[in-house]
Amino acid sequence: MNATEQDLLVQASHLTVRYGARRAVDDLSFSIAKGRVVGLLGHNGAGKTTLMKAMVGLAGAEGSLQVLGLDPRRDRVALLQSACYIPDVATLPRWARVEELITLMAGLHPKFSADRARQLLRRTSVGLSDKVKTLSKGMVAQAHLALVAAIDARLMILDEPTLGLDVLSRKAFYEMLVDEWCDGERSVVISTHQVEEIESLLSDVLMLNEGKLVLSLSLEDIDTRFVALSHDAAVAEQMVAAHPLLRYRAGPGPGHAALFDGAPPAHVQALGQRMRPSLVDLFVALTRKPELDRTQF
Amino acid sequence: MQTWDQRLPIYQQLADLLAAQLLDGDPPEGQAMPSVRALAGQYLLNPLTVHRALQALGDEGLLENRRGLGLYVTPGARDRLRVVERERFLQAEWPRLRDRLRRLGIGPEQLEWEPLA
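Chains A and B, in that order, are what the protein sequence lines are. At position 73 of the first sequence the residue is numbered 73 (the working numbering), and the sequence of numbers has no breaks. At position 117 of the second sequence the residue is numbered 117 (the working numbering), and the sequence of numbers has no breaks.
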């Protein structure tokens, strides 16, 4: 992520969060520029939620962390004017009507626009007089997004926003997010383990494995750094023996694919056809113990 | 959800898809293209990817930028696309199709096909 200092919305350096003796987030250094869609990927327990909490001042961290130029722990109130957050445990009060939630938000948040919220809700099937308890899970998620996206903020943090939603609800959720939020200036961080689903949405990836950052790269740079080759079964042994192999996936039919971290020798490259490296393959390769990888084949 | 072929850049696939729609008159010549964000939302793509696809169509002269208004379908875009597509069909697809018809022993009289008057 190349950007000047003021274009960086998040800057973390040697960030560590401890729960007792355990380091839930361990020595992370990364930055997030403006106008980006960042996927925070990792298995359960990898530290995604902890990192997001630290970014909005809900978890005490060592090292340095600046979000929108502020210290999230110390300047939490100021930060939450310009950063919005939907935690993974978020709920809307079941008894409330949507219109009442808009009134509540308008009273609570100085940068919330009730008009904007109503405008966003018009693209959903959620009615202003609907009570939350009558809405489907997908509609609740959309209502929640509409309320949060109506805040004139620069950074949105979404922790597993589509967990438990069916495919159409997930699509509607991301459609609203991209169409209504991503304007080239504002950024959003989305944590998920449904990697393949949001791959094409992302501009950058932060990948966590057991608290450590194993990848922090733009999708463009992923295409340059990693080389994925699809090939026939006949040349499988040469592929597997080549360096620097990261992962090997024997597919059904001709779908064999080798993933290299860097370019393999030219004679090996000539044996296969270059593809876009899939984020799922990278995820599987980088979020397991490396010594297990070579025994795959 | 839309799936993308791993063998081609996504922006290229989106450009091809949009070009196919333009050939069908959607949107018609002289009309505005949907915005980058609308397309990004519709296809669940990063806006930068959409931007690149539109740029590629612009480079082929199919879209034009009207200052302050956004991208419009260039008058004559469909004819240009049709020429390119016809050429591609005749060069790449027809020889394969012809071989297959020969292998299957299908003659012109068995193809229910009337050229446009």
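Just so it is clear, CB atoms sit at the ideal spot from N, CA and C, and this is done for glycine as well. Computed from a predicted structure; not experimentally measured.
C-beta contact flag for residue i and residue j at 8 angstroms
i      : j      : result
B:Q50  : B:L63  : Note on residue identity: the sequence assigns Val, not Gln, to residue 50 of chain B. For B:V50 and B:L63, no; Cβs fall outside 8 angstroms.
A:E160 : A:D88  : yes
A:A143 : A:L135 : yes
A:A54  : A:L65  : yes
A:V10  : A:V67  : yes
A:V25  : A:L58  : no
B:R37  : A:D179 : yes
A:L219 : A:L213 : no
A:A146 : A:F173 : no
A:V132 : A:L104 : no
A:G138 : A:L121 : no
B:G25  : B:P75  : no
B:A40  : B:P47  : yes
A:P244 : A:G255 : no
A:S191 : A:F30  : no
A:Y248 : A:V240 : yes
B:R7   : A:Q119 : no
A:R73  : A:G60  : yes
Close-in-space but distant-in-sequence residues of the same chain around residue i (CB under 7 angstroms, 5 per side omitted)
i      : result
A:P290 : Residue confidence for A:P290 is low, a pLDDT of 46 falling below 50, so the modelled location carries little weight and cannot support an answer.
A:L292 : Confidence in A:L292 is poor, its pLDDT being 47 and thus under 50, which makes the residue's placement unreliable; the coordinate value appears in the next sentence. Answer for A:L292: no residue qualifies.
B:Y43  : Q2, L14
A:Q238 : V268, L271
A:S113 : A150, D152
B:L22  : L62, V73, A77, R78, L81
B:W4   : I10, Q13
B:P27  : M33, V73
Contact set between residue i and chain A, taken where Cβ atoms lie within less than 7 angstroms
i      : result
B:A38  : D179
B:I118 : For residue 118 of chain B there is no data in the structure shown, the boundaries of chain B being 1 and 117.
Cutoff 6 angstroms; reference residue i; Cβ partners in own chain excluding five residues on either side
i      : result
A:V189 : V38, L40, I157
A:D27  : H14, T16
A:R170 : T162
A:Y85  : V56, I157
Cross-chain neighbours of residue i in chain A, by beta carbon under 9 angstroms
i     : result
B:P47 : G35, V37, V178, C182, D183, G184, S203
Residue i: contacting residues in chain B (beta-carbon distance under 9 angstroms)
i      : result
A:R225 : In chain order: nothing, as chain B lies at least about 16 angstroms away.
A:S278 : Q6
Neighbourhood of residue i by C-beta, 8 angstroms cutoff - its chain only, sequence neighbours within 5 removed
i      : result
B:A20  : none
A:A46  : L208, N209, E210, G211, T287
A:D223 : R276, P277
A:T295 : Note that A:T295 has pLDDT 41, beneath the 50 cutoff, so the model's placement of it is unreliable and no number is given.
A:A242 : A258, F260, P264, P265, V268
A:W181 : A149, M156, V188
A:N44  : H193
A:V195 : G39, L41, L279, V280, F283
B:R66  : Y72
B:G70  : A32, M33, S35
A:L70  : A78, L79
A:W95  : K131, V132, K133
A:P110 : Q81
A:L168 : G138
Cross-chain neighbours of residue i in chain B, by beta carbon under 7 angstroms
i      : result
A:M275 : Q6, R7
A:K212 : Simply none; closest approach about 26 angstroms.
A:K137 : None at all; the shortest Cβ gap to chain B is about 18 angstroms.
Residues that residue i contacts on chain B, provided the C-beta gap is smaller than 8 angstroms
i      : result
A:Y85  : Going along chain B, no residue has its Cβ under 8 angstroms from A:Y85, so there is no contact; the nearest lies around 22 angstroms.
A:E175 : G41, Q42, L44
| Are there three or more Cβ pairs, one per stretch, closer than 8 angstroms when the region 221 to 240 of chain A is compared with the region 192 to 201 of chain A? | no
| task | Say whether the region 91 to 106 of chain A touches the region 75 to 83 of chain A, bearing in mind that this needs 3 or more beta-carbon pairs closer than 8 angstroms, one atom from each stretch. | result | no
| So does the region 176 to 189 of chain A actually touch the region 29 to 43 of chain A, counting three or more Cβ pairs closer than 8 angstroms? | yes
| Sufficient close CB pairs (3 or more, under 8 angstroms) joining the region 115 to 132 of chain A to the region 12 to 26 of chain A | no
| With contact counted as at least three CB pairs below 8 angstroms, one residue from each stretch, are the region 268 to 283 of chain A and the region 13 to 20 of chain B in contact? | no
| said: Quick check: the region 71 to 88 of chain B against the region 97 to 107 of chain B, are at least 3 beta-carbon pairs closer than 8 angstroms? | reply: no
| field | Uninterrupted alpha helix (DSSP H) stretches inside the region 32 to 72 of chain A (no shorter than 4 residues) | value | 48 to 55
| request: Would you list, in sequence order, the uninterrupted beta strand (DSSP E) runs of no fewer than 3 residues that lie entirely inside the region 133 to 191 of chain A? | output: 155 to 159
| At what residue ranges does the region 256 to 290 of chain A contain a whole run of the alpha helix (DSSP H), taking only runs of 4 or more? | 266 to 269, 279 to 286
| Within the region 66 to 117 of chain A, ranges of the beta strand (DSSP E) (whole runs, at least 3 residues) | 83 to 86
| Contained beta strand (DSSP E) runs [length at least 3] in the region 10 to 54 of chain B, N- to C-terminal order | none
| Complete runs of the beta strand (DSSP E) confined to the region 214 to 257 of chain A [at least 3 residues] | 226 to 231, 245 to 249
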